[in-house]
Structure formats: structure tokens, C-alpha cells
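Residue numbers (UniProt numbering), protein chains in the order written: chain H, 1 to 494; chain A, 1 to 220.
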Amino acid sequence: MDMDAFNDDFKVTSKGKHKSYEIDYESLTQGAVEKLMQADIEHISGIFGVDENTASLLLRYMNWNKERLIEKYMDNAASVTSSAGISPLEPPTSQSQAPIRSSIEAFVCPICFDDSQTKTLCLSCDHTFCASCWIAYATSKIRDDQEMAIRCMAEGCSLVAPDLFVRSILEEDTTTWDRFRELVIRHFVASNPNLKYCPYPSCTHTVSCPSASSKSSLATVVPTVACGASATHKFCFGCPIDGDHRPVICGVAKMWLKKCRDDSETANWIKSNTKECSKCQSTIEKNGGCNHMTCKKCKHEFCWVCMGPWIEHGTAWYSCNRYDEKDGVDARDAQSKSRASLERYLHYYNRWANHEQSAKLSIELYSKTEKKMEEMQITSDLTWIEVQFMKKAVDEVEKCRMTLKWTYAMAYYLDKGNEKELFEDNQRDLERAVEDLSELLESPIEAENIPTLRQKVTDKTVYVQKRNEIVLEDTANGFLEGRWQWNCSVDGFD
Amino acid sequence: MDARRRRVMKEIADCKNDKSSNIRIDMIDDSPFHLNGSFPGPEDTPYQGGHFEVDIVIPPTYPFQPVKMKFITKVYHPNVSSASGAICLDILKDAWSPVLTLKSTLISLQSLLCSPEPNDPQDAEVAKHFTTSKGSFDDTARYWTQIYAVDPSARGKSSEKLQSAGDEVAMAGLEKAHVDQFEALGFERGKVIDALRRLNYRGANVANITEDRIVEELLK
Ligand SMILES: [Zn+2]
Ligand SMILES: [Zn+2]
Ligand SMILES: [Zn+2]
Ligand SMILES: [Zn+2]
Ligand SMILES: [Zn+2]
Ligand SMILES: [Zn+2]
């Protein structure tokens, strides 16, 4: 069996190239962003007839807004120039070269009080300091303050060192110079609503996603993107939430996270990884992501999330995902109302936290699975590639738990009615499929059953994928069609 | 000797040699990077006659990053935290320049005492007091100077006694009659002082605050 055939096992028929829950974007390297920046600099340099160092400082001062810069410059060039920290006295070209003065008479640096320094530097303001002070100063500004406007060291002097000057003093410290360039690029990216810097530590890629650049667009799409450095560098273009929060839009996701933070005290207990068996009260610890628990002592089978008997979960009346609003309606006095609202919240929070926790435990499941895969290669004649179906299944379970997690945030805010019921039907189907597969993955392997297990896991993985696809597609379409109604006011909706 | 040490040592020596200024910088122990600065309160201000001590910490990146300073002596001033001594002053932050020195910074603190910036306050309650009733503010600042900043060498038992016995009402810049009035309603004296201070029940502002509002605050 070759890799293609293996991949075919998991192919889900997609209607078009572009799924409604996906967004068009492009990943750019630091070099590519630098080119965009350079184009702006050359453009301004050409229009104003100034050198590129000056054009760059002007653009930085105006947060890379070319139109506003041109407007202001036409209005009062001198004022913009001096506010940007560029010397008005001399033609800008002369300050680009860092003047190096060899001192004739003894020079005492006003900063380090050292009179033995021979190399001194100044900007066009003539405020002269020794070279080692300049180096220490620029390094500290860049490294400690993440500063990309290096001002003259003299008190009250607002001249900014042009890039050539900075480069000349950092000649021997390319790391700091590179950091400086990165800061300038980050500033350029941060100033451009179409661009976003990859939030992963020490990654230098940028994503361009113009269709999610406006606030209003975020009411209809969830712009999950990944930078070109790695597929694991997944982030939301629209908000600072970690990773992928599909299918729920940024505004609702943010509201939910805030609620969880505010109510964390009350909800903390739920996160705990141990519970008591509802039948014999012995302590049960959860390991692995599966929610089908079996008490080691009394063999009682129950659902980790709702603590109800597991037997009910495999049947048509499964409703672990649905909160029964009836209790809330009956609540008459304020106290039982607030109790009902807390219970309602806990219903969703419980499931949200559980999927998050289970996804985390997937790492454990992962290493267990790897062991199983090795076992399989020994006990059966399957090749390494042929046992990949296990890994693929674990990946899928983890991915779908993320989707499920966020569906609970969405369901909490969805207004009662048909649409919510349909949403919860899809959610339930996905959840059931995921729990099924998850359970299958944790079942013991017997050599003679491997071919059947392989078939079962592969089939279920395809099914889970399909259910996930349905939840994502249908929710995304609902946003585009304006189908979702909320039970509170949500940014971007009336 | 590294450049930072050389520079700080020279700053300390220069300050010592400068007989004309009344700024002092002293080492606390052997390290030149943790110092004690002091200066007299400026004349014709509520701080006149006081002696103000400042805790000085020289960061590893000094003088390229600003020196860290805070008042050790308690000061009643809009830009100084009445609780922690933290100072809100631009040159200690963005406006710092490596050519500034410990001495020049202490002089800036001295002149901050002459000209408060209530629009950029460190202590919001004190700033409110300053902007709404300057006369009463001056009285309180003067009182704090008397209690905390006068004659540091003699600050022994007698002044400690003064502190603990120091009139809480005057310390808070309030009027005794006002505090008595609400204490008579059965509220704890300390609570009354806190509430009146929070509400800035001083000078002309008294007319803007109803008794109900104060009782409400007291019942919080
Ligand atoms: Zn120097
Ligand atoms: Zn200068
Ligand atoms: Zn990245
Ligand atoms: Zn988002
Ligand atoms: Zn049990
Ligand atoms: Zn359940």
C-alpha cells in the first residue's frame, strides 16, 4: 500500500476548493515583508525627493500611513520632518553618514566621563558622545525597550538616528542590528491591518489576510490562519486567542473566555482530574481522553461529563450536550434564578473544560498509541505506513475536541429555538462520533483482531472527519447567512 | 572598573565636592548602586523646613536606562504616592536622557515639590485635594512635612510619639468638626476619616457632597 492509497482512506469529499469555514490568506517571509516596506519607502522617497533613510523615518513616524503622510507633508513639510526627529537644518543626506571625529583636543564624554575615548560620534545636532556610549545606548534601547526610534542621547534633543547611523554603530553586533530590523518590520506589520505577525515565539513570518482586516468582517468569518514556517503555527487573524477557535467567531469566543475568567472560582472544581464514582464513591482518576469511565471497583460505567450512566449515551436519547432549560424557566425568585443561571453556565463550562482537558490528555493517548503502533508492526505484518491509521485517528480526535470545545462557548450564547437545536444536533453527532473513536483507540489490541480494528478505526476516523466538517461548514454558513441569533448582545450584531 | 561604576563613583564625588548645592548622595553600604539621596524642601512651599530622603537604585544598564528613585520620607504631593513613595516624573521614564545625573534628577525632584503636576497624578486622592482646595491641601502637606520630614537626626522617640499621636484628621486634610459630626452618628472614627478622604470632603467641595452620600459611603 502506498502513501496515496493510505491518504485515500481518509479523503472526505469536499464540494468546492474553498470551504466556507476557511479563509484566503498568504504567508510572507520576513524578506517578503521587507520588500513591501521598501516599496513604500521608495515611493515616498520618490515623491518627496528625500533619501530613503529620511523617507523611512517619516513613514515610521506616521505609522506607515502613506496617504496621511503625503497629506501632512504637503501641508507643512518642515513640521512633519522635525516631529519625525529629522534635522531640519541640514540636507538629510549628510546626516546619513555617521560623522566620525577624531578629537584634536581632549574630549571628555559627558556620559561615561572618560577622556581616553578617541572615537566619537554625533547626529547632525552635534551632540557628541563617545562611540562606546552610543553602542551601549543603542543596544539597551533595542534590547531592553524594543525601541526602533533611537533618539539622540542629549537631554531634550529629539533627533532620531537614521538606520545607517544605527547600522554603523552596531557594525560588530549583528544580532542586535538584526533585532533592530525585526522591530522595524514588526512595526510595519502592526501598522498594516492586512498583516499580522506570527505569534509563535521567535517565528518571523507574517500572514496577509485582507478579507479579515475589518472589524465588521469578523462577525461573519473566523479567520484561522497558519504561517508558512509550520502548519502548527495556527492562529486567529482576528483576535489574540491561542490557536484555532472555529467554529465560533472572535467576538463570542472573547466573551466566553472573559466569562470563564470571571467565574473561574465557581467553576474550578470541575477542572479537577479526579471524581467520585456515583455508585460506590471510590475515587476515579481520569487518564486518556475518553469520557466513558468504568469504575475499577464496582465496574459501574458512567459518563465523566454528566456523571450519568454510560448506557444512555449510546442511544437515541443521548443528550449529554444539551442543557435542559426547563429548570431555568421554573425559577421564580431571584435566588433560584441566579442558581439556575449558574447551573446553566456550569453545564456549558463543564463540557468546554472537559474537551480542553481531554485534548490535553491526548498527548498521553498519543504516546500510548505510538506504543501500540510499534506492537502492531511486530505482531502483524503491517508496515510502518500501514499503522499510521492510529496516529491519524488520534490527530483527528484532538482536532475535533477543539471544535467541540468551542461549540459549547457558541451554544451558551445561542438563543433558544430551531437553529440552536439543529446546531446542538450536529454537536451531539460529532461528540458521539469522537467519543466512539476515542474509546476504540483505548481498547486493547489483540493480534488476530488487527485487520478488523484497522478497518473500524479507519472508518470511524472518516466518519468523525465528516461530522467535524459538517459542524464547521454549517456554523460558518450560518454566520454568512445571518442565521444565528444570540441571547445577549454580540459585537457586530444588532 | 566598568563604565557604570566609574560614572556613578564620579557622580557621588562631584556631588560631595559641590558645596553650593544642598543635594546629598550617600552610599548605604559598599555598593555604589544602591544609594540614599536627600535634599531640603524648597522654600516658600509647604515642604519648607523638611528634609526629604530618596531611595536610589542604579540599574545594570545605567545611564542608558533611567535611575530608579522613590521617596523614603512620606510626602503629601499629587505626584508622589502617599503610601509607597513612588514618583510620577517624566525624566524617570520616557524623558530620561543618559546625560542626566543623579544630582540633576534629585534637583528635578526638588523642583517637582515646587510645581506639582496634578494632571499626571501618582496619587489620585491627593491630586483631587490639590485641585479642589489648594489652601487645605497646603495645610495638609505642611502638616506631613512637620510630622515626617522635620529634623531627621532628632527623629527618635519624640517624633515617633508625635506620629502615633499625630492628628489623624489633620493628616487626612480634613476638619475635626466634620469627622466629629459623622462619628456622632455611631460610625468608627477611622472609617469616617477614610470615607471623607475618599470623597474629598474638603474646602468648597463640602457643599457638593450631601450627608446622605457620606452615610452611603460609610455603609459600604
Ligand atoms: Zn562615553
Ligand atoms: Zn542631539
Ligand atoms: Zn510562525
Ligand atoms: Zn479570533
Ligand atoms: Zn464504583
Ligand atoms: Zn454524559
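Every residue gets a Cβ at the ideal spot worked out from N, C-alpha and C, and that includes glycine. Note that the structure is predicted; figures quoted are calculated from it, not measured.
Straight-line spacing of the CA atoms in Phe389 of chain H and Leu218 of chain H works out to 36 angstroms. Sorting H:Leu159, H:Pro240, H:Glu473 and H:Met255 by C-alpha distance to the C-alpha of Thr403 of chain H places H:Glu473 at the top.
Around ligand 1, the residues selected by a Cβ distance under 5 angstroms to any of its heavy atoms are H:Cys109, H:Ile111, H:Cys112, H:Cys130 and H:Cys133, following chain order.
Put simply, of H:Ser124, H:Arg179 and H:Glu446 the residue whose alpha carbon is nearest the alpha carbon of Ser380 of chain H is H:Glu446. Remark: fewer than three beta-carbon pairs, one from each stretch, lie closer than 8 angstroms, so the region 124-141 of chain A and the region 31-38 of chain A are not flagged as touching. Using a 10 angstroms sphere on the CB of Trp384 of chain H, the tally of other CB atoms stays under 16, which defines it as exposed. Contact annotation: the region 17-30 of chain H touches the region 197-215 of chain H, with at least three C-beta pairs closer than 8 angstroms.
With contact defined as three or more Cβ pairs closer than 8 angstroms, the region 454-471 of chain H and the region 424-438 of chain H are in contact. Using a Cβ-Cβ cut-off of 8 angstroms, Ala13 of chain A does not count as an interface residue toward chain H, since no Cβ of chain H sits closer than that to its own. A straight line joining the alpha-carbon of Ala95 of chain A with that of Cys236 of chain H spans about 36 angstroms. Chain A has a Cβ within less than 8 angstroms of the Cβ of Cys112 of chain H.
Among the CB atoms of chain A, one or more fall inside 8 angstroms of the CB of Glu155 of chain H.
Non-local beta-carbon contacts of Ser21 of chain A in its own chain, meaning distances under 8 angstroms to residues more than five positions away in sequence, involve Cys15, Lys103 and Ile107 in chain order. Note: Asp55 of chain A is bridge-paired with A:Asn36 and A:Lys70 in the DSSP secondary-structure output. At least one CB atom of chain H sits nearer than 8 angstroms to the CB of Thr61 of chain A. The C-beta distance from Ala195 of chain A to Leu218 of chain A rounds to 5 angstroms, short enough to fall under 8 angstroms. Ile41 of chain H sits in a helix when the DSSP states are folded into three classes. Taking the C-beta atoms as reference points, Cys306 of chain H is found no nearer than 8 angstroms to Cys295 of chain H. Taking non-hydrogen atoms of ligand 4 into account, the C-beta of Gly482 of chain H is found less than 7 angstroms away from none of them. The CB of Leu174 of chain A never comes closer than 8 angstroms to any CB in chain H; the least such distance is about 37 angstroms. Relative to ligand 2, the beta carbon of Ala154 of chain H is positioned inside 7 angstroms of a heavy atom. At least one CB of chain A lies nearer than 8 angstroms to the CB of Ala136 of chain H. For Asp429 of chain H, the uninterrupted alpha helix (DSSP H) segment begins and ends at Asn418 to Glu442.
Ser97, Pro98 and Val99: these are the residues of the region 72-99 of chain A whose beta carbon lies less than 7 angstroms from some beta carbon of chain H, given in chain order. For Phe130 of chain A, the enclosing alpha helix (DSSP H) covers residues Ala124 to Thr132.
Between the region 213-230 of chain H and the region 57-68 of chain H there are fewer than three C-beta pairs closer than 8 angstroms, too few to call the two in contact. Counted as a single uninterrupted DSSP element, the alpha helix (DSSP H) harbouring Met74 of chain H occupies residues Lys66 to Asp75.
Under the 10 Å beta carbon count, Ile311 of chain H is surrounded by fewer than 16 other beta carbons and is classified as exposed. For Ser140 of chain H, the neighbours in chain A by C-beta distance under 8 angstroms run, in chain order, Thr61, Phe64 and Gln65.
From the beta-carbon of Asp144 of chain H, the residues of chain A found nearer than 7 angstroms are Thr61 and Gln65.
Interface flag for Cys125 of chain H against chain A is unset, since no Cβ pair is found closer than 8 angstroms.
Contacts between Cys133 of chain H and chain A, judged by CB atoms closer than 9 angstroms, involve Ala3, Pro63, Phe64 and Pro98 in chain order. The C-beta distance from His178 of chain A to Tyr148 of chain A rounds to 24 angstroms, too long to fall under 8 angstroms, and the pair is not in contact. Counting of Cβ neighbours within 10 angstroms places Glu448 of chain H among the exposed residues, the total staying below 16. In the three-state reduction of the DSSP assignment, Asp474 of chain H falls in the helix class, which pools H, G and I.
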